[in-house]
């Protein structure tokens, strides 16, 4: 670790995103997704799975009011376990009980976080008023001691923090902190921030290395990185210390979760296999393979990277490096998706990346972006930003329809609708996006990421501005007591032209510009002298004394690439994926007919990149020479027959951006195509 290379994200308040591509995505989130999700949180979306989220806060607030009014006469509910997801017996007349998943509170927190980011870029008094009202409802449920989780407030507080492994209290606290910080930074209003800090104080009084405190840690990670964020806003060291404690304690033997659930422990057996799912099988500094639930994993790794940076923990950083390499080099789909198996929504063994049963949860790719940026904050190496870009344009954006009104939880790389409907092994693979989910982690997660996209575009240190993603934007960077204004115009993801205008008279600072892996090192720069440039770890460093108006023009080559997987990935043997710039392409039945598995790419054939539209959205499509295999030896009614070399019929293949698939109805889709 080289502390002099550390950098930090720029404040969203210091920049304006005006990129043609990402501004459109942000507007879809602002105009469609955020209002839609607010309706969903209030059970107002017809035909969608009910959330019960805001209703639970209202019930908890009502109970809290009664507790205060009645004083000692109030009878506290005794804890009753009603299942991981509880639903009302009579949906039309629900009782004053907790409904939904145990983590339902977090849906509000992710929504308010997206609202905060959106308000930063686009002030909206009406939306802010709705958010303030929602915050009032949430804060009314908070207990006098600071505790704030409606599952236990409503069900019975006598079991608080007794099931960290399964019941998500610390997960909900983490999301509450993230949402509270975002809203505070956007509006300056601290009501929710104070509530989140009180909940964190309650947790800090309960957990820690001190004698008498609980030695537990989150079953579902996120509190680790959220507490760091709270520390950075409040400068209160106990939040950093609590985050570090959770990370240090994880995976120690005897396992805390075994103490918590002795009834599940077989006599004489240490049950470490059960804790791969929670990344609690080993102390984190001994972990070197990405395992278990993919979302939990990358949330943990993000927190580990934060703590490694802030405490200069070299051993922890080396673990982060090993875990990154395990994930990116052995367990990641070409779309930036992670989590190869639906069993546990988890990483599988190295190179096991099935396409038609892939899980590749939207939230997991989002967590991968969180981890990538934190690694970039420690070391500006383009390998992190390349993966971050791939996930953003593909495995994440595919999680939302182009109109922002439906969502994917799972992002497969091959779909046969009949299999999704009839094969229970593939029931998790949906051929069209869903209106909402009972377990609705992905839609609000996607909204908060897209709304905060600027946080991943740049980082800075005192004398350097790192440009990790090329998107149209304007920002101001402090250089000593002077301001440097930087404006970027970008034609990505469709073309490789980027223009950077710098207004920084008599100011010296360094621009560090990522060289994307997809350009193959082929790029040109106009407006800079050769002796003002140098390359390191995939970044072009431009150091000069800037004038009143300097303009750099970059052109990154954007060839069409036929990508092949490592030979150990059995599912992709003999196949290629089409990539151009940051965009992964796919075939859809609507363009190429049924039986996509019979199509082949002609690697020596001609191709054209064409301007097109999908559902009114401008895209570039790839039209390429290919073949359709024709089996002339088959007789009607025969399942098997003697092999005979197949005939091939020349066809024109049409590839569309992967993130746009399933916007034109239910049909087959395929990323990896025979060659």
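Numbering (the numbering used here), first residue to last: 1479 to 2153. Glycine included, each C-beta is placed from N, C-alpha and C at the ideal position.
Length of the line joining the Cα atoms of residue i and residue j
| i | j | result |
| --- | --- | --- |
| residue 1654 | residue 1808 | 33 Å |
| residue 1839 | residue 1848 | 15 Å |
| residue 1896 | residue 1834 | 12 Å |
| residue 1660 | residue 1614 | 17 Å |
| residue 1853 | residue 1548 | 52 Å |
| residue 1573 | residue 1546 | 21 Å |
| residue 1766 | residue 1759 | 12 Å |
| residue 1811 | residue 1783 | 23 Å |
| residue 1727 | residue 1740 | 19 Å |
| residue 1598 | residue 1662 | 10 Å |
| residue 1959 | residue 1985 | 10 Å |
| residue 1846 | residue 1926 | 14 Å |
| residue 2067 | residue 2146 | 5 Å |
| residue 1802 | residue 1690 | 36 Å |
| residue 1527 | residue 1578 | 10 Å |
| residue 2026 | residue 1994 | 29 Å |
| residue 1593 | residue 1518 | 15 Å |
| residue 1482 | residue 1892 | 45 Å |
| residue 1898 | residue 1979 | 50 Å |
| residue 1730 | residue 1761 | 5 Å |
| residue 1486 | residue 1939 | 7 Å |
| residue 1600 | residue 2094 | 24 Å |
| residue 1534 | residue 1652 | 18 Å |
| residue 2137 | residue 2077 | 21 Å |
| residue 1743 | residue 1736 | 6 Å |
| residue 2151 | residue 1873 | 18 Å |
| residue 1828 | residue 2062 | 22 Å |
Reference residue i; option with closest CA among the options
| i | options | result |
| --- | --- | --- |
| residue 1888 | 1497, 1934, 1904, 1880 | 1904 |
| residue 2100 | 2040, 2106, 1584, 1945 | 2040 |
| residue 1819 | 1906, 1753, 1634, 1555 | 1906 |
| residue 2123 | 2115, 2111, 2134 | 2111 |
| residue 1860 | 2015, 1830, 1962 | 2015 |
| residue 1606 | 1508, 2033, 1826 | 1508 |
| residue 1537 | 1562, 1632, 1514 | 1632 |
| residue 1559 | 1569, 1504, 1503, 1640 | 1640 |
| residue 2083 | 2098, 2062, 2148, 2105 | 2105 |
| residue 1830 | 1732, 1842, 2064, 1804 | 1804 |
| residue 2071 | 1894, 1836, 1775, 1550 | 1894 |
| residue 2159 | 1675, 1704, 2053 | Here the chain has residues from 1479 to 2153 only, and residue 2159 is not among them. |
| residue 1621 | 1543, 2127, 1718 | 1543 |
| residue 1757 | 1992, 2032, 1698 | 1698 |
| residue 1480 | 1858, 1842, 2150 | 1858 |
| residue 2055 | 2143, 2153, 1973, 1710 | 2153 |
Cβ separation of residue i and residue j, assumed to be a contact under 8 Å, to the nearest whole Å
| i | j | result |
| --- | --- | --- |
| residue 1612 | residue 1532 | 7 Å |
| residue 1722 | residue 1789 | 7 Å |
| residue 1868 | residue 2060 | 6 Å |
| residue 1855 | residue 1937 | 6 Å |
| residue 1738 | residue 1643 | 6 Å |
| residue 1772 | residue 1816 | 5 Å |
| residue 1500 | residue 1608 | Rounded, the Cβ-Cβ distance is 25 Å, inconsistent with contact. |
Opening and closing residue of the alpha helix (DSSP H) in which residue i lies
| i | result |
| --- | --- |
| residue 1736 | 1734–1738 |
| residue 1812 | Segment: none, residue 1812 is in no alpha helix (DSSP H) and carries neither H nor E. |
| residue 2068 | 2067–2070 |
| residue 2128 | Counting along the chain, residue 2128 falls outside any alpha helix (DSSP H), though it belongs to the beta strand (DSSP E) covering 2125–2135. |
| residue 1677 | 1669–1684 |
| residue 1500 | 1498–1506 |
| residue 1565 | First-last for residue 1565: undefined, no H or E at that position. |
| residue 1846 | 1840–1856 |
| residue 1789 | 1772–1789 |
| residue 1723 | 1715–1727 |
Residue range of the unbroken beta strand (DSSP E) whose run includes residue i
| i | result |
| --- | --- |
| residue 2001 | 2001–2004 |
| residue 2050 | Where residue 2050 is concerned, there is no enclosing beta strand (DSSP E), given that its DSSP letter is neither H nor E. |
| residue 1987 | 1985–1992 |
| residue 1936 | 1936–1939 |
| residue 2038 | 2038–2041 |
| residue 2104 | 2095–2108 |
| residue 2029 | 2028–2034 |
| residue 1493 | 1493–1495 |
| residue 1516 | Here residue 1516 belongs to no beta strand (DSSP E); instead the alpha helix (DSSP H) covers 1512–1519. |
| residue 1591 | Element bounds for residue 1591: not the beta strand (DSSP E) but the alpha helix (DSSP H), 1583–1599. |
(message) Measuring CB atoms only, is the segment 2045–2056 touching the segment 1996–2014, in the sense that at least three cross pairs come out at less than 8 Å?
(response) no
(message) Quick test of the definition: if touching needs 3 or more C-beta pairs under 8 Å, does the segment 1483–1497 touch the segment 1872–1885?
(response) no
(message) Does the contact criterion of 3 or more C-beta pairs under 8 Å hold for the segment 1912–1929 versus the segment 1945–1956?
(response) no
(request) Take every Cβ of the segment 2006–2015, pair it with every Cβ of the segment 1966–1981, and state whether three or more of those distances are shorter than 8 Å. (result) no
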